[in-house]
Amino acid sequence: MRKALIAANWKMYKTPAEAKAFVDAFLPLVKGHTRDEIALFPSATSLAVVIEAARGSNVAVGCQNIHFAEEGAYTGETSASMLKAVGGTHTLIGHSERRQYFAETDEIVNAKLKTALKHGIVPIVCIGEVLEERESGKTSEVLIRQTTKAFADITPEAAAPIVIAYEPVWAIGTGKTATPEMAQEAHAVIRAEGAKLLGPAVAEKMRILYGGSVKPDNATSLLGQADIDGALVGGASLKPDSFAGILKY
Ligand code: PGA
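Position one of the sequence shown corresponds to residue -3 (this note's numbering), numbered consecutively onward.
Quick look at the structure:
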């Protein structure tokens, strides 16, 4: 009943010309694909060109990051209105690389989430434990804390569009994937916490994506888990055939 979302996080890769070449090659590979929602997250400089190239297709486009403020003196940032003005519909929030390298806190994630919801942008809130936390048995605790703080002051009515991405930090770009069972266990913890915070009806409908070294050859087993409702893909989303291969799970 939850339509899966398969999302490509291109991080700081691809010039606008490279991004357009991807879309031109990718669209024919996924023509008529309606089982899943598909979304691309190019860098800010490629947003407009990717949105234009994907116009009228089954592929949505979003930003890798937005600022929580409406506008202002925030050098280097992109606002929700700017994203919407170029036709973007989705945004990632709180990716672990943002948390790790750009000091994004749970409080900032919460503020960005509220801004995205206010503007009708579909937010994909990224959470996940680092290796040390997993090894010391703190995974559930971390996921519960990140979920609770992300959802602070958000009502069940406002929460419907929220998508969560569970990305164990030790699995991102490392080639190490959580086993489907490990991922399922984490997703179940997140959904249970979502039910506590927003009610079971919202939590039941909330899509929880898995991210961390998803590839065409492990997508089927991961996406076969009951609480895994899609994937957030980095490295394997950079080539059209590889990303389209994941969509064949
Ligand atoms: P990866 O990245 O697929 O390269 O591990 C996933 C992500 O960071 O979203």
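Just so it is clear, CB atoms sit at the ideal spot from N, CA and C, and this is done for glycine as well. Predicted model only: the values in this text are computed from it and were never measured.
Kindly indicate which three-state DSSP category G231 falls into: helix, strand or coil?
-> It is helical.
Evaluate contact between the segment 128 to 139 and the segment 54 to 67, counting only Cβ atoms and requiring at least three cross-stretch pairs below 8 Å.
-> No, the segment 128 to 139 is not in contact with the segment 54 to 67.
C-alpha distance - E129 paired with G52, whole-angstrom precision | Their backbone Cα atoms lie some 43 Å apart in a straight line.
Does the separation of the CB atoms of A76 and A112 fall below 9 Å?
-> Result yes, Cβ atoms of A76 and A112 sit closer than 9 Å.
Spatial distance of P231 from L193 (CA atoms) | As written in the sequence, residue 231 is Gly, which differs from the Pro given in the question. Annotation: G231 to L193 spans about 33 Å, alpha carbon to alpha carbon.
Kindly say whether L219, judged by its beta-carbon, lies nearer than 9 Å to any beta-carbon of chain B.
-> No chain B appears in this structure, which consists of one protein chain only.
For A44, is the beta carbon positioned less than 8 Å from some heavy atom of ligand 1?
-> Not under cutoff, so the answer is no.
Since N106 is in the beta strand (DSSP E), which residue starts that stretch and which ends it?
-> Per DSSP, N106 is not a residue of any beta strand (DSSP E); the alpha helix (DSSP H) it occupies stretches across 102 to 114.
Consult DSSP for Y97 and reduce its assignment to one of helix, strand or coil.
-> DSSP places Y97 within a helical segment (H, G or I) once states are collapsed to three.
Return the residue from the list E14, T11, N5 that minimises the CA-CA distance to I34.
-> Closest by alpha carbon: N5.
Would you say T170 touches ligand 1, meaning its beta carbon is less than 8 Å from a heavy atom?
-> Indeed, a heavy atom of ligand 1 lies less than 8 Å from the Cβ.
Do T87 and I47 have their C-beta atoms within less than 9 Å of each other?
-> No, these two residues do not count as a Cβ contact at 9 Å.
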